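Quick note: the sequence shown uses my numbering, first residue 890, plus one each step.
Every residue gets a Cβ at the ideal spot worked out from N, C-alpha and C, and that includes glycine.
It should be emphasised that the depicted structure is a prediction, and the values quoted were computed from it without experimental measurement.
Working notes for the structure below.
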Amino acid sequence: MAFRGRQEDEWFREPEFEEHADVRGEMQIRQISVSVIQAINRVQCRKVIDSAGNCSPTDVFILLPEGVAGEAVLHAIEMEMPHIRTKDWGFVLDESLKQKSKIRKGSAHEALLAYMQNQSPGEYAVAKIKSDLDLSDSLWKESVAKALRVADHPLTKDLATIKVNYIAGRGRGAKSRMVKL
890 MAFRGRQEDE WFREPEFEEH ADVRGEMQIR QISVSVIQAI NRVQCRKVID SAGNCSPTDV
950 FILLPEGVAG EAVLHAIEME MPHIRTKDWG FVLDESLKQK SKIRKGSAHE ALLAYMQNQS
1010 PGEYAVAKIK SDLDLSDSLW KESVAKALRV ADHPLTKDLA TIKVNYIAGR GRGAKSRMVK
1070 L
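What follows is the structure, given as structure tokens:
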């Protein structure tokens, strides 16, 4: 980029550059990778102990971010240190700090859960539920239906404990429903 000369301010609003969708994000990930690799190499794994160039075994424990950033840093480490052996580390900082996700009081999720707890077994049209709970289409679509599609969401789990399933309608004019067994 230095060869291209001075960049206009527009460049900051359009972070795409060549094959990178977000060049600033890519630069941050690479900087983290370089720092981690340098830190690993500062310990005894860089001290040669014999004429073959071998080093003492070294254990390094690293907490990497989840997702693409963590994968990219790990890939960079493996590329720079080709004979490194990696293992997953089941680290939990403090079990008591790990909060269980729960449904917020007064939310549409709480209202739906209470509504379905008070229903007898059977099928319930989503249109009827929205009407009974006075939920807008946008609130249902953006919050409730979105949560119901995620198997480990607290709402989905809580509904499963009372034997309620969400069946999303497919196609135009299809009707979604809740089924209580």
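Report the three-state DSSP secondary structure of E1012 (helix, strand or coil). By 1-based counting over the sequence shown, the position of residue 1012 is 123. Reduced to three states, the DSSP call for E1012 is strand.
Could you give the distance in angstroms between the alpha-carbon of T961 and the alpha-carbon of E915? As a first step, residue 961 must be located in the sequence shown, where it is residue number 72. As a first step, residue 915 must be located in the sequence shown, where it is residue number 26. It should be pointed out that residue 961 corresponds to Ala in this sequence rather than to Thr. Computed Cα separation, rounded: 9 Å.
Looking at E1012: is its Cβ nearer than 8 Å to the Cβ of V1053? Stepping through the sequence shown from its first residue, residue 1012 is reached at position 123. Stepping through the sequence shown from its first residue, residue 1053 is reached at position 164. The answer is no: Cβ separation not under 8 Å.
Beta-carbon proximity of V1033 to S1065, cut-off 8 Å: Against the sequence shown, residue 1033 aligns to sequence position 144. Against the sequence shown, residue 1065 aligns to sequence position 176. No, Cβ-Cβ distance for V1033 and S1065 is not below 8 Å.
What residues in its chain sit with their C-beta under 6 Å from that of V959, if we drop five residues either side in the sequence? The sequence position of residue 959 within the sequence shown is 70, counting from 1. The sequence as given places Gly at residue 959; Val does not occur at that position. Closer than 6 Å at the Cβ level, and outside the excluded window around G959, lie L953.
Between which residues of its own chain and D1139 is the CB-CB distance below 8 Å, once the five residues before and five after are set aside? Residue 1139 lies beyond the stretch modelled for the chain, which goes from 890 to 1070, so this question has no answer here.
Taking the beta carbon of L1048 as the centre, do at least 16 other beta carbons fall within 10 Å, making it buried, or is it exposed? Translated into the one-based positions of the sequence shown, residue 1048 becomes position 159. That one is buried.
Comparing alpha-carbon positions, which option in L1022, E1031, R974, E969 lies nearest G995? Against the sequence shown, residue 995 aligns to sequence position 106. Considering only alpha carbons, the answer is L1022.
Bridge-paired residues (DSSP) for I1056: The residue you call residue 1056 lines up with position 167 of the sequence shown. In DSSP, I1056 forms a bridge with R1066.
Of the residues I951, D939, S922, the one placed nearest F980, counting alpha carbons only: Position 91 of the sequence shown, counting from 1, holds the residue named residue 980. For the residues I951, D939, S922, the minimum Cα distance to F980 belongs to I951.
Could you compute how far the alpha carbon of M970 sits from the alpha carbon of L982? Here residue 970 refers to the residue found at position 81 when the sequence shown is read from its first residue. Here residue 982 refers to the residue found at position 93 when the sequence shown is read from its first residue. Approximately 28 Å, taken between the alpha carbons.
Just list the residues that DSSP pairs V937 with in beta bridges. Here residue 937 refers to the residue found at position 48 when the sequence shown is read from its first residue. C944, per the DSSP bridge assignment.
Can you tell me whether S1009 is buried or exposed, with buried defined as 16 or more other CB within 10 angstroms of its CB? By 1-based counting over the sequence shown, the position of residue 1009 is 120. With fewer than 16 Cβ atoms within 10 Å of its Cβ, S1009 is classed as exposed.
What distance in whole Å lies between the Cβ atoms of L1044 and L1002, which are believed to be in contact at a cut-off of 8 Å? As a first step, residue 1002 is located in the sequence shown; it is residue number 113 there, counting from the start. As a first step, residue 1044 is located in the sequence shown; it is residue number 155 there, counting from the start. That pair is a contact at about 7 Å.
Closer than 6 Å by C-beta to A1057: which residues in its own chain qualify, once you throw out the five before and the five after it? Chain order, please. By 1-based counting over the sequence shown, the position of residue 1057 is 168. So the list reads S1065, once near-sequence residues are dropped.
Which of the three DSSP states is assigned to P1043 in this structure? Position 154 of the sequence shown holds residue 1043. Three-state DSSP puts P1043 in a helix.
Please identify the residue among D977, I966, A1036 whose C-alpha is closest to the C-alpha of E999. The residue you call residue 999 lines up with position 110 of the sequence shown. Comparing Cα-Cα distances from E999 to each of D977, I966, A1036, the minimum goes to A1036.
Comparing alpha-carbon positions, which option in R1061, K1046, G1062 lies nearest Y1055? Indexing the sequence shown from 1 puts residue 1055 at position 166. Answer by Cα proximity: K1046.
A997, buried or exposed, once every other Cβ within 10 Å from all chains shown has been counted against 16: The residue given as residue 997 occupies position 108 in the sequence shown. Its Cβ being crowded by 16 or more others within 10 Å, A997 is buried.
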